[in-house]
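There are 2 protein chains.
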Amino acid sequence: MQVSHSSSGEQKFEVRRLEISDKSKGFVELLRQLTVCDSISDKDFENRFREISSLGDDHVICVVEDESSGKIIATGSVFIEKKFLRNCGKVGHIEDVVVDSNARGMQLGKKVIGFLADHARSIGCYKVILDCSLENRAFYEKCGFKQKEIQMNKKHPPTRPACSNNFCRCRDNKVCVERMSRNLVG
Amino acid sequence: MQVSHSSSGEQKFEVRRLEISDKSKGFVELLRQLTVCDSISDKDFENRFREISSLGDDHVICVVEDESSGKIIATGSVFIEKKFLRNCGKVGHIEDVVVDSNARGMQLGKKVIGFLADHARSIGCYKVILDCSLENRAFYEKCGFKQKEIQMNKKHPPTRPACSNNFCRCRDNKVCVERMSRNLVG
């Protein structure tokens, strides 16, 4: 789907917070352009949505909706880390920024980053940080960011059989009790 | 203060969660070895401690106490980000790792990182990430991490007069109402 400008050539794309109904507007499919994101059941989506929402201003996911198509075409998130250092300072961590491949060149990424950075500043963060690939550095520099450090990661191999229940906490290679009980009841 | 081994040469340093009484054991002074961390009042420390503690397993600060001196000699934190992608996955963000300059060479940093990474894995994170300087890369590689991306940051200049109340939300260059009312009452 190509995102088109309106006849005036000035289609407005507003950034707003994620709503639970955005699942049916292609939000998950958009995330899939960023990394692995299998189908999520409505129940799991709702659970995760409520977990994040319960943090209020401390974890905000924003989206841009193409009103002509009703599809979500850009998103990003920021969560607020509360520290002791920097005089009990707060830092905004920006994550999972993606613009639909058909909606590039309309400054939507910049709008999303601006929304998230403004949000972090409005609640008192002394800085916002994010990790990105070297090839995206120039984009973030245009958004006012500077390269600072390097990012390291350590992946955790799954220690149990794949479990269809994303919210279970079963461990030690046991089969998820909750999933089993689900199967038993249908 | 030089941290010394016991007569057996095998002093045990256990990693445990931060307790509110650790403020009087040099926790803030230790953070100051990492970056700016002015004095924090007992009230502000308690407020921030309770904010972080309210997140339970989703934001854990650990410490190592030198039992012979009663001082905190190492610390680090991890907070858990809940995502939609990676099938509603979770990521542990490690922050603010520091070992007292007099307690280096005793593998305390490795212990702290191990504690935080194990915690993240135990509650289902598919990975842990952290940002560090190039010169610390070799240390984190020994802890099982690999360099992945680059970190960018954007600092927010203060938009209001410095306010002694770390927990106020006053904006728009107004003088903090809460601080004013404090002044009025003493």
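Protein chains in written order, with the UniProt record's numbering: chain H, 1 to 186; chain W, 1 to 186. Glycine included, every Cβ here is placed at the ideal spot set by N, Cα and C. As the structure is a computational prediction, the values presented were derived from the model and not from experiment.
Once the 5 residues before and after leucine 31 (chain H) are set aside, which same chain residues still bring their CB inside 8 Å of it?
Hits under 8 Å: Cys37, Thr75, Asp96 and Val98.
Closer than 8 Å between beta carbons: that is the criterion. Which residues of the segment 123–134 of chain W meet it against chain H?
Contact annotation: in the segment 123–134 of chain W, residues whose CB is within less than 8 Å of a CB in chain H are Ile123, Gly124, Cys125, Tyr126, Lys127, Val128, Ile129, Leu130, Asp131, Cys132, Ser133 and Leu134.
Would you give the residue range spanned by the beta strand (DSSP E) that lysine 146 (chain W) belongs to?
It spans 146–155 - the beta strand (DSSP E) in which lysine 146 (chain W) sits, taken as one unbroken run.
Pull out every residue of the segment 82–100 of chain H whose Cβ sits closer than 7 Å to any Cβ of chain W, in chain order.
Of all residues in the segment 82–100 of chain H, only Lys82, Lys83, Phe84, Leu85, Arg86, Asn87, Cys88, His93, Glu95 and Asp96 come within less than 7 Å of chain W when Cβ atoms are compared, listed by chain position.
Endpoints, the beta strand (DSSP E) within which aspartate 100 (chain H) is located:
DSSP places aspartate 100 (chain H) in no beta strand (DSSP E); its state is neither H nor E.
Using a 10 Å radius around the Cβ and a threshold of 16 neighbouring Cβ atoms, would you call isoleucine 81 (chain H) buried or exposed?
Per the sequence shown, residue 81 (chain H) should be read as glutamate rather than isoleucine. Within 10 angstroms of the beta-carbon of glutamate 81 (chain H) lie 16 or more other beta-carbons, which makes it buried.
Would you report the Cα separation of lysine 155 (chain W) and serine 21 (chain W), rounded to the nearest angstrom?
Distance between lysine 155 (chain W) and serine 21 (chain W), taken at the CA atoms: about 32 Å.
Contacting residues, own chain, Cβ-Cβ under 6 Å from isoleucine 113 (chain W) (five flanking each side not counted)
If we look at isoleucine 113 (chain W) and ignore the five residues flanking it on each side, its Cβ neighbours are Cys143.
Indicate the three-state DSSP secondary structure (helix, strand or coil) for phenylalanine 79 (chain W) in the structure shown.
Strand, per DSSP.
Taking buried to mean at least 16 other C-beta atoms within 10 Å of its own C-beta, is glycine 92 (chain W) buried or exposed?
Only buried fits glycine 92 (chain W), as 16 or more other CB atoms lie within 10 angstroms of its CB.
Could you tell me the boundaries of the alpha helix (DSSP H) in which residue 188 (chain W) lies?
Past the edges of chain W, shown from 1 to 186, lies residue 188 (chain W), and the structure says nothing about it.
Quick check: the Cα distance between phenylalanine 84 (chain W) and serine 69 (chain W), rounded to an integer number of angstroms?
Phenylalanine 84 (chain W) and serine 69 (chain W): Cα-Cα distance of roughly 45 Å.
Among W:Ile123, W:Gly105 and W:Val64, nearest to lysine 90 (chain W) - alpha-carbon criterion
Ranking W:Ile123, W:Gly105 and W:Val64 by Cα distance to lysine 90 (chain W) puts W:Ile123 first.
CA-to-CA distance, arginine 137 (chain W) to serine 101 (chain W), given in whole angstroms:
Taken atom to atom, the span from the alpha-carbon of serine 101 (chain W) to that of arginine 137 (chain W) is near 18 Å.
Closest to leucine 116 (chain H) by CA distance: which of H:Glu141, H:Asp66, H:Val60 and H:Met106 is it?
Among H:Glu141, H:Asp66, H:Val60 and H:Met106, the Cα nearest to that of leucine 116 (chain H) belongs to H:Val60.
Return the bridge partner residues of aspartate 66 (chain H) from the DSSP annotation.
Answer is H:Lys71, bridged to aspartate 66 (chain H).
Say whether chain W places a C-beta atom closer than 8 Å to the C-beta of proline 161 (chain H).
Unreliable placement is indicated for proline 161 (chain H), whose pLDDT of 43 sits below 50; the coordinate value is still reported in the next sentence. At a cut-off of 8 Å between beta-carbon atoms, proline 161 (chain H) makes no contact with chain W.
Taking the alpha helix (DSSP H) that valine 128 (chain W) belongs to, which residues open and close that run?
No alpha helix (DSSP H) holds valine 128 (chain W); the beta strand (DSSP E) holding it covers 125–132.
Residues near serine 39 (chain H) by beta carbon distance below 8 Å, same chain, minus five either side:
These residues qualify, in order along the chain: Val28.
If I follow the unbroken beta strand (DSSP E) through valine 15 (chain H), where does it start and stop?
Annotation: the continuous beta strand (DSSP E) that includes valine 15 (chain H) extends over 15–17.
Please list, in chain order, the chain H residues whose beta carbon lies closer than 8 Å to that of glycine 109 (chain W).
The premise fails here: glycine 109 (chain W) is roughly 13 Å from chain H at the closest Cβ pair, so nothing lies under 8 Å.
Taking arginine 86 (chain H) as the reference, which of H:Lys127, H:Gln107 and H:Arg16 has the closest Cα?
Out of H:Lys127, H:Gln107 and H:Arg16, H:Lys127 has the C-alpha closest to the C-alpha of arginine 86 (chain H).
Under 6 Å Cβ to Cβ from aspartate 131 (chain H), same chain only, skipping five residues before and after it: list those, please.
So the list reads Gln151, once near-sequence residues are dropped.
Considering only residues of the same chain and omitting the five flanking positions on each side of phenylalanine 139 (chain W), which have a CB-CB separation below 7 Å?
Only Gly109 meet the Cβ criterion.
Helix or strand or just coil, what does DSSP make of isoleucine 52 (chain W)?
Residue state for isoleucine 52 (chain W) is assigned as helix, using DSSP reduced to three classes.
Just reading off the alpha helix (DSSP H) that aspartate 38 (chain W) is part of, what are its end residues?
Where aspartate 38 (chain W) is concerned, there is no enclosing alpha helix (DSSP H), given that its DSSP letter is neither H nor E.
Let me see if you follow: with CB-CB separation under 8 Å, is glutamate 19 (chain W) close to chain H or not?
No, glutamate 19 (chain W) does not count as interfacial toward chain H.
Going by the beta-carbon positions, is the gap between leucine 18 (chain H) and valine 63 (chain H) smaller than 8 Å?
Cβ atoms of leucine 18 (chain H) and valine 63 (chain H): closer than 8 Å.
Residue environment, serine 54 (chain W), which counts as buried when at least 16 other CB atoms sit within 10 Å
With fewer than 16 other CB atoms across the displayed protein chains lying within 10 angstroms of its CB, serine 54 (chain W) is exposed.
If you measure from the beta carbon of aspartate 42 (chain W) to each beta carbon in chain H, is any gap under 8 Å?
No, aspartate 42 (chain W) lies away from the interface with chain H (no Cβ there is under 8 Å from its Cβ).
Is there at least one Cβ from chain W nearer than 8 Å to methionine 106 (chain H)'s Cβ?
Not one chain W Cβ lies under 8 Å of methionine 106 (chain H).
Among H:Gln107, H:Gly105, H:Phe145 and H:Phe79, the one whose alpha carbon lies nearest that of histidine 119 (chain H):
Checked all of H:Gln107, H:Gly105, H:Phe145 and H:Phe79; the closest Cα to histidine 119 (chain H) is H:Phe79.
Buried or exposed by the 16-neighbour rule on C-beta atoms within 10 Å, applied to arginine 48 (chain H):
Counting every other CB atom within 10 Å of its CB across the protein chains shown gives arginine 48 (chain H) a total of 16 or more, marking it as buried.
Amino acids of chain H, ordered along the chain, whose beta-carbon sits closer than 7 Å to that of cysteine 145 (chain W)
In the sequence under discussion, the amino acid at residue 145 (chain W) is phenylalanine, which differs from the cysteine named in the question. Met152, Asn153 and Lys154, listed in chain order.
Beta carbons nearer than 8 Å to chain H: which residues of the segment 112–123 of chain W have them?
Of all residues in the segment 112–123 of chain W, the ones placed with a Cβ closer than 8 Å to any Cβ belonging to chain H are Ala117, Ala120, Arg121, Ser122 and Ile123, in chain order.
Here's the rule I'm using: 16 or more other beta-carbon atoms within 10 Å means buried, otherwise exposed. How should asparagine 173 (chain W) be labelled?
Because the pLDDT at asparagine 173 (chain W) is just 35, under 50, the model does not fix this residue reliably, and the point stays unresolved.
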